[in-house]
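Have a look at the structure below, then the notes.
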Amino acid sequence: MSVLNTVCFLLALVVVGCYGGNEDSFEYGLKASTPDRDQFQYKVLGEDDLTYGCYGYVDPEGKSHSTFYTSGPRIGYRLLKQDGKALDNPDLEAKWENFPKECNERIE
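Numbered according to mature numbering (1 follows the signal peptide of the UniProt record, and there is no 0), the sequence shown spans residues -20 to -1, 1 to 88.
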């Protein structure tokens, strides 16, 4: 990787949020762009003590590749949807309204 590409990547890294109303909650967002790929990650701690989030990238052809998940001490890390395909988690109902708004914009 050339120095110019490294500088461009560092300049394109944007943290869109990392805050919480109190010590028991948080919201986090990250968007990074390079000349050939956009990457993102967003997550929030819900009132039910579960983390709801999404991460992925947009490839050079403009196709979005997204993964949606939830995690917590009672359930571990559970994938809910990947690249538009729902994953089989019969004991876990996705509460899409709990996801960060940036994730909900990506639900296909």
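A virtual CB, placed ideally from N, CA and C, is assigned to each residue, including glycine. It should be emphasised that the depicted structure is a prediction, and the values quoted were computed from it without experimental measurement.
Runs of the beta strand (DSSP E) lying entirely within the region 29 to 71 and spanning at least 3 residues, in chain order: 31 to 38, 44 to 52, 56 to 62.
The beta-carbon distance between T47 and Y35, rounded to whole angstroms, is 6 Å. This is short enough to meet the 8 Å contact definition. For E7, the uninterrupted beta strand (DSSP E) segment begins and ends at 7 to 14. Secondary structure note for K81: its alpha helix (DSSP H) is the uninterrupted segment 81 to 84. Listed as beta-bridge partners of K23 by DSSP are Y8, G33. Rounded to whole angstroms, P40 and K11 show a C-alpha spacing of 16 Å. Proximity to D29 across R54, Y8, Q62 peaks at R54, based on C-alpha coordinates.
In the same chain as G52, and ignoring 5 residues on each side of it, the C-beta atoms closer than 7 Å to its own belong to D29, L30, T31, in chain order.
By a beta-carbon distance limit of 8 Å, Y37 does not contact R58. Their separation comes to about 21 Å.
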